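Engineer: Below is a structure I'd like to ask you about.
Protein chains: 2
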Amino acid sequence: MISVFGHLNPDTDAITAALVYAHLLSRSGTPATAYRLGEPNQETAFVLRQAGMQAPELLPTLPAGSPVALVDHNEAAQSAPNLADLDVRYVVDHHKLGDLTTAQPAYLRFEPLGCTATLLLKLHREAGLSVEPTDARLLLSAVLSDTLEFRSPTTTDADREAAAFLAPIAGVDDVTAYAMQMFAAKSDLGDTPAERLLKMDYKEFTFGAQQWGLGVIETTNPGYVFGRQAELIAAMQAEKVASGLGGILLSVVDILGETNRTLIVSGAEAEVVKGAFGVEAEGQVADLGQLISRKKQIVPALEAYFSK
Amino acid sequence: MISVFGHLNPDTDAITAALVYAHLLSRSGTPATAYRLGEPNQETAFVLRQAGMQAPELLPTLPAGSPVALVDHNEAAQSAPNLADLDVRYVVDHHKLGDLTTAQPAYLRFEPLGCTATLLLKLHREAGLSVEPTDARLLLSAVLSDTLEFRSPTTTDADREAAAFLAPIAGVDDVTAYAMQMFAAKSDLGDTPAERLLKMDYKEFTFGAQQWGLGVIETTNPGYVFGRQAELIAAMQAEKVASGLGGILLSVVDILGETNRTLIVSGAEAEVVKGAFGVEAEGQVADLGQLISRKKQIVPALEAYFSK
Numbered sequence: 001m002i003s004v005f006g007h008l009n010p011d012t013d014a015i016t017a018a019l020v021y022a023h024l025l026s027r028s029g030t031p032a033t034a035y036r037l038g039e040p041n042q043e044t045a046f047v048l049r050q051a052g053m054q055a056p057e058l059l060p061t062l063p064a065g066s067p068v069a070l071v072d073h074n075e076a077a078q079s080a081p082n083l084a085d086l087d088v089r090y091v092v093d094h095h096k097l098g099d100l101t102t103a104q105p106a107y108l109r110f111e112p113l114g115c116t117a118t119l120l121l122k123l124h125r126e127a128g129l130s131v132e133p134t135d136a137r138l139l140l141s142a143v144l145s146d147t148l149e150f151r152s153p154t155t156t157d158a159d160r161e162a163a164a165f166l167a168p169i170a171g172v173d174d175v176t177a178y179a180m181q182m183f184a185a186k187s188d189l190g191d192t193p194a195e196r197l198l199k200m201d202y203k204e205f206t207f208g209a210q211q212w213g214l215g216v217i218e219t220t221n222p223g224y225v226f227g228r229q230a231e232l233i234a235a236m237q238a239e240k241v242a243s244g245l246g247g248i249l250l251s252v253v254d255i256l257g258e259t260n261r262t263l264i265v266s267g268a269e270a271e272v273v274k275g276a277f278g279v280e281a282e283g284q285v286a287d288l289g290q291l292i293s294r295k296k297q298i299v300p301a302l303e304a305y306f307s308k
Numbered sequence: 001m002i003s004v005f006g007h008l009n010p011d012t013d014a015i016t017a018a019l020v021y022a023h024l025l026s027r028s029g030t031p032a033t034a035y036r037l038g039e040p041n042q043e044t045a046f047v048l049r050q051a052g053m054q055a056p057e058l059l060p061t062l063p064a065g066s067p068v069a070l071v072d073h074n075e076a077a078q079s080a081p082n083l084a085d086l087d088v089r090y091v092v093d094h095h096k097l098g099d100l101t102t103a104q105p106a107y108l109r110f111e112p113l114g115c116t117a118t119l120l121l122k123l124h125r126e127a128g129l130s131v132e133p134t135d136a137r138l139l140l141s142a143v144l145s146d147t148l149e150f151r152s153p154t155t156t157d158a159d160r161e162a163a164a165f166l167a168p169i170a171g172v173d174d175v176t177a178y179a180m181q182m183f184a185a186k187s188d189l190g191d192t193p194a195e196r197l198l199k200m201d202y203k204e205f206t207f208g209a210q211q212w213g214l215g216v217i218e219t220t221n222p223g224y225v226f227g228r229q230a231e232l233i234a235a236m237q238a239e240k241v242a243s244g245l246g247g248i249l250l251s252v253v254d255i256l257g258e259t260n261r262t263l264i265v266s267g268a269e270a271e272v273v274k275g276a277f278g279v280e281a282e283g284q285v286a287d288l289g290q291l292i293s294r295k296k297q298i299v300p301a302l303e304a305y306f307s308k
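Structure below.
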């Protein structure tokens, strides 16, 4: 039995890709079970409810040598804590290749697409398998989530084509209305503790000799988030110390306005942000304008800055 | 223009995969040129003559940031010397994933198959492109070469199916007779210097803190190779010192007998061979029996030994 899972601090693409790929592997004769590496966010919970699906179980500690499939990630820092001891047989991902290695020749599929879901649709087509309605709903939701309904610069024509193909199978007549419902669910942060808001979509990256934490909150209601700015900055400061980070940023992305205002905790981050983006922070907020993609815009700029 | 190349000390799969993948990329709208990272061996020269093709040019030193496609390898030690400065956009390979990273999301295809050629046939099918006769000849040759005409334990059903599909397109009526011609060409080592024999199919691997060099000579005429044993062991000893290796092995694989007798240079290698394979060397030869695949049998056993 192959265990299939997406990254820590899972988003909609990570959770749905695990469910759909486990199903696809099983239908192709390789029994597989989906797991998650953290709590689904509000958007993912909404998507699962709409699809009539339960969230996958939390990944237990797998014995060394267990066969696994990674979806929507490949770096150890974003994966199961004992990844180095596991037997990575399959990877389906749309991120750059990081520190992954495999003990044996494996099945790896990486493409520079807006989301893992678009690649999973391609795998169905290659296998000659139809996409079942529930899977279509999960994949469509992941495309809309990861591309911010095609607003993100990571969006490709293949992502648009995938959404158009999947919507009728999923029974979604009005894709824009459905996307707005997803984004509203994601933005309904209620009394979520600041620590959880920071970690909802949060990844660590290595830049030169430093480890940085980069969080993103995508919301249709940035005012709510900035209303909790002091709490969030305290949570960032605590995480920075606890994890010995060189820096920590929390980007608040206004989905509808397609803008990014990023919270910073100290002068160290302010200096890096100035060097990497040419932006002067005001107070503890740096206006990064239309740089809304961590993967395609924020991380490459920081990598370029630190490799100077 | 994407530069496409296989590994150092190229074999038939490495050279033909570069030619065929460059052609496939170009036909798909991405202009690409094939290169090689060393001299074609006698078998590859025969295959190219039969296909009416020239060998690709030797890879020049590419400027930093040049876009490249790697075929039939992924590890830096087997690639262009300045790989770390190049922009890896595509990888098509059937080896385990080593130390490769990419600066951006890229297109990666890895499958646990007997050769890269079988995966390249799959890519043609996915792209809806027919395989042209010259490409079919190159791919068929690579399948036969890497699987030792289906004798190697790395052979999969997909490799057999690929060869059966490609042979009529390539105009090869008798696949076994053609394979014998290829193996005879490979075994016609004439007065090739010992240093070149050692490096003809040679790769370095990292086991724990040690770097090892593992050469293979696949031949229908092992008697010829053992007739040059003293010269070969001297070349191995020189390479071991020059490259600061922890150990060096040269496996002489009898293609038709499907057996492997491996040359060793010192007691250090003898001890490792005994620990990893349970085989006592006699003189400077260790009889590894039917372990004829470096990738699937020799390297995993050495990795297991060194990770104890």
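These protein sequences, in sequence, are chains A and B.
Take full-length UniProt numbering: the last position of the first sequence gets the number 308, and nothing is skipped along the way.
Take full-length UniProt numbering: the last position of the second sequence gets the number 308, and nothing is skipped along the way.
From the three backbone atoms N, C-alpha and C, an ideal C-beta is built for every residue, glycine too.
None of these values were measured; they are calculated from a predicted model.
Contact criterion: CB-CB distance below 9 Å. Does K295 of chain B meet it with respect to chain A?
Structural biologist: yes
Engineer: Assuming V279 of chain A and Y305 of chain A form a contact by the criterion Cβ under 8 Å, report the distance between their Cβ atoms to the nearest whole angstrom.
Structural biologist: With a beta-carbon spacing of about 12 Å, V279 of chain A and Y305 of chain A fall beyond the 8 Å limit used to define contacts.
Engineer: Taking only beta carbons into account, state which residues of the segment 90-124 of chain A come closer than 9 Å to chain B, listed in chain order.
Structural biologist: Per Cβ criterion, the list reads V91, D93, H94, H95, K96, L97, G98, D99, L100, T101, T102, A103, Q104, P105, A106, Y107, L108, R109, F110, E111, P112, L113 and K122.
Engineer: Measuring CA to CA, which of B:I255, B:A268 and B:L166 is closest to L249 of chain B?
Structural biologist: Of the listed residues, the one whose Cα sits closest to L249 of chain B is B:A268.
Engineer: On the premise that Q50 of chain A lies in contact with R109 of chain A, defined as a C-beta separation below 8 Å, what is that separation, rounded to the nearest angstrom?
Structural biologist: Cβ atoms of R109 of chain A and Q50 of chain A stay farther apart than 8 Å, at about 27 Å.
Engineer: Alpha helix (DSSP H) containing R137 of chain B: first to last residue?
Structural biologist: P133 to D146
Engineer: Which stretch, first to last residue, makes up the alpha helix (DSSP H) that contains D13 of chain A?
Structural biologist: Boundaries of the alpha helix (DSSP H) harbouring D13 of chain A: T12 to R27, taken from the DSSP string.
Engineer: For L204 of chain B and chain A, any beta-carbon pair shorter than 9 Å?
Structural biologist: It is Glu, not Leu, that sits at residue 204 of chain B in the sequence shown. So, not an interface residue.
Engineer: Go through its chain and collect everything with a Cβ distance to residue 327 of chain A's Cβ below 8 Å, but skip five positions before and after it.
Structural biologist: In the structure as shown, chain A starts at 1 and stops at 308, and residue 327 of chain A therefore has no counterpart that could be examined.
Engineer: Comparing alpha-carbon positions, which option in A:F277, A:G283 and A:P31 lies nearest I2 of chain A?
Structural biologist: A:P31
Engineer: According to the Cβ coordinates, are P56 of chain A and A80 of chain A closer than 9 Å?
Structural biologist: no
Engineer: For L83 of chain A, which residues from the same chain have a beta carbon less than 6 Å from its beta carbon, with the 5 sequence-adjacent residues on both sides left out?
Structural biologist: A76
Engineer: Between which residues of its own chain and P133 of chain B is the CB-CB distance below 7 Å, once the five residues before and five after are set aside?
Structural biologist: I169, A170 and G171
Engineer: Taking the alpha helix (DSSP H) that V47 of chain B falls in, what are its first and last residues?
Structural biologist: Q42 to A51
Engineer: How would you write the range of the alpha helix (DSSP H) that residue 309 of chain A sits in, first residue to last?
Structural biologist: No answer is possible for residue 309 of chain A: it lies beyond the span of chain A, which begins at 1 and ends at 308.
Engineer: List the residues of chain A whose Cβ lies closer than 7 Å to the Cβ of E126 of chain B, in chain order.
Structural biologist: In chain order, E126 make up the part of chain A whose C-beta sits under 7 Å from the C-beta of E126 of chain B.
Engineer: Can you confirm whether residue 315 of chain A, when its beta carbon is compared against all beta carbons of chain B, has any partner nearer than 9 Å?
Structural biologist: As shown, chain A starts at 1 and ends at 308. That puts residue 315 of chain A outside it, with no answer to give.
Engineer: With 16 other CB atoms within 10 Å as the buried threshold, where does Q78 of chain B fall?
Structural biologist: buried
Engineer: Please tell me whether L100 of chain B and L70 of chain B are closer than 9 Å, where the distance is taken between their beta carbons.
Structural biologist: Contact check for L100 of chain B against L70 of chain B passes: the beta carbons are separated by less than 9 Å.
Engineer: Determine whether the Cβ of E282 of chain B lies closer than 9 Å to any Cβ atom of chain A.
Structural biologist: no
Engineer: So what's L263 of chain B in DSSP terms, helix, strand or just coil?
Structural biologist: strand
Engineer: Please report whether the beta-carbon of E161 of chain A lies at a distance below 9 Å from any beta-carbon of chain B.
Structural biologist: No, E161 of chain A does not count as interfacial toward chain B.
Engineer: To the nearest angstrom, report how far apart R89 of chain A and L37 of chain A are at their CA atoms.
Structural biologist: About 18 Å.
Engineer: Nearest-angstrom Cα distance between H23 of chain B and L120 of chain B?
Structural biologist: 11 Å
Engineer: Check the DSSP bridge columns for L100 of chain A and list the partner residues they point to.
Structural biologist: Answer is none; L100 of chain A lacks a bridge partner.
Engineer: Roughly how many angstroms lie between the CA atoms of T192 of chain A and A158 of chain A, to the nearest whole one?
Structural biologist: Going by the C-alpha atoms only, they are around 35 Å apart.
Engineer: Between the alpha carbons of T259 of chain A and A234 of chain A, how many angstroms are there, rounded?
Structural biologist: 23 Å
Engineer: Hey, could you find the ends of the beta strand (DSSP E) V4 of chain B is sitting in?
Structural biologist: I2 to L8
Engineer: Do you know whose CA, among B:D93, B:T220 and B:L302, lies nearest T118 of chain B's CA?
Structural biologist: B:D93
Engineer: Go through its chain and collect everything with a Cβ distance to G215 of chain A's Cβ below 6 Å, but skip five positions before and after it.
Structural biologist: Close CB contacts of G215 of chain A within its chain, under the 6 Å cut and outside five residues either way in sequence, are with L198, Y202 and L250 (chain order).
Engineer: Name, in chain order, the residues that DSSP records as bridge partners for residue 397 of chain B.
Structural biologist: Outside the displayed range of chain B (1 to 308) lies residue 397 of chain B, so it cannot be described from this structure.
Engineer: In terms of residue numbering, what span does the beta strand (DSSP E) encompassing I233 of chain A cover?
Structural biologist: Note, I233 of chain A: premise wrong, no beta strand (DSSP E); alpha helix (DSSP H) at Q229 to A242.
Engineer: Using only CA atoms, which one of A:L25, A:E161, A:G213 and A:P63 lies nearest to L8 of chain A?
Structural biologist: A:G213
Engineer: Expressed to the nearest angstrom, what Euclidean distance is found between the alpha-carbon atoms of V68 of chain B and V4 of chain B?
Structural biologist: 6 Å
Engineer: Could you tell me whether the Cβ of P153 of chain B comes closer than 9 Å to any Cβ of chain A?
Structural biologist: Not an interface residue.
Engineer: Suppose you measure from the CA of A286 of chain A to the CA of Y35 of chain A; what does that come to, to the nearest Å?
Structural biologist: 36 Å
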